[in-house]
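Contents: one structure, followed by commentary.
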Amino acid sequence: MLSLSDLNGFGEEIERRVLLRNISDRNQVAENEKDIPAGAIRPKRDLGFHLALCQAFAMSRREKKTVAMLKEDQWCYLPVISFGFAEPPDFFLEGNTFVKFSVGNLKAAADLASALPRLEPGKYVGVVSAPLSRAAFEPDMVVIYCNTNQLRCLLSALKYKDGYLVKSTLDPGGACFQATVPVMQTGECQVTVPCGGDRAMPWLRMTR
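Per the working numbering, residue 3 is the first one in the sequence shown, and the count goes up by one each step.
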């Protein structure tokens with residue numbers, strides 16, 4: 003079994019070999035609050051405002067912080083539903099949230115809502131993120147932010163090792179859960195693209 007120092011070392015090696023501009027995130031899904039590492043930032047409690055999950059991931063990536071996001075810390079509803087921190091309301095399952103801004107008709111929006119990757123409601127209370135090279139907990143997954151050439155290198159490594167080809171569903175929205183929840187469900191690697199929130203990160207409003 004790999005030790006934490008082994009995992010931290012792998013994080014440093016990935017960043018060095020692939021020439022990552024941003025360090026990679028180590029993520030853990032917490033079943034109860036006792037699983038949250040000591041010293042982790044709880045945005046609502048410690049900072050006085052809510053964050054989007056993509057903002058929390060950015061804090062880990064860019065500021066090297068350990069951040070724990072429970073339901074009460076989040077203002078974006080999609081990861082709350084996808085990670086199972088709350089049951090999806092009928093209003094959501096009927097497609098109403100999607101048809102207002104990203105899907106052209108209610109039937110298609112309802113189909114999209116039902117296809118959203120979701121973990122079992124109530125099983126987990128939060129998600130913790132930290133830099134892979136220095137986190138003090140065993141991760142459920144590792145998220146690597148990279149450009150297309152770096153992605154090609156990573157995919158080539160997987161292919162060289164055992165002929166593994168990554169199959170992914172690309173979504174222009176919800177990168178925070180599209181990059182993580184399918185990995186929890188299948189144990190397979192996943193590729194996704196940054197969503198609007200992830201790309202607009204420096205300018206996103208923090209809500210109190």
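From the three backbone atoms N, C-alpha and C, an ideal C-beta is built for every residue, glycine too.
Note that the coordinates shown come from a computational prediction; the quantities given were computed from them, not determined experimentally.
Residue 130 to residue 45, Cα distance in whole Å?
12 angstroms
Since residue 58 is in the alpha helix (DSSP H), which residue starts that stretch and which ends it?
55–65
Between 85, 41, 128, 78, which has its C-alpha nearest residue 66's C-alpha?
41
Per DSSP, residue 72 forms a beta bridge with which residues?
128
Using a Cβ-Cβ cut-off of 7 angstroms (strictly less than) and excluding sequence neighbours within five positions of residue 75, which residues of its own chain qualify?
44, 45, 46, 52, 53
As assigned by DSSP and simplified to three states, the class of residue 209
Legend: pLDDT at residue 209 = 37, less than 50; position of this residue unreliable, value from coordinates given subsequently. The answer is strand: DSSP assigns residue 209 an E or B state.
On the premise that residue 120 lies in contact with residue 175, defined as a C-beta separation below 8 angstroms, what is that separation, rounded to the nearest angstrom?
Wrong, their Cβ atoms sit about 15 angstroms apart, outside the cutoff.
Within 8 angstroms, do at least three Cβ pairs link the stretch 93–101 to the stretch 110–126?
yes
Is the Cβ-Cβ distance between residue 73 and residue 60 less than 9 angstroms?
no
For residue 43, which beta-bridge partners are listed by DSSP?
69
Which whole-angstrom value describes the C-beta separation of residue 193 and residue 158, a residue pair presumed to lie in contact below a C-beta threshold of 8 angstroms?
Going by Cβ atoms, the distance from residue 193 to residue 158 rounds to 13 angstroms, so no, they are not a contact pair.
Taking the alpha carbon of residue 197 as the reference point, which residue from 50, 29, 173, 156 has its own alpha carbon closest?
173
Would you kindly work out how many angstroms separate the C-alpha atoms of residue 150 and residue 156, rounded to a whole number?
10 angstroms
Here's the rule: buried if 16 or more other CB atoms are within 10 angstroms of the residue's CB, otherwise exposed. What is residue 82?
buried
Going by other Cβ atoms of all chains shown within 10 Å of its Cβ, with 16 needed for buried, is residue 18 buried or exposed?
exposed
Measuring straight from C-alpha to C-alpha, what distance separates residue 163 and residue 108?
44 angstroms
Mind checking residue 188: buried by the 16 CB within 10 Å criterion, or exposed?
exposed
How many Å lie between residue 220 and residue 62 at the Cα?
In the structure displayed, the chain extends from 3 to 210; residue 220 sits before or after that span and is not available.
Can the beta-carbon of residue 183 be found less than 9 angstroms from the beta-carbon of residue 84?
yes
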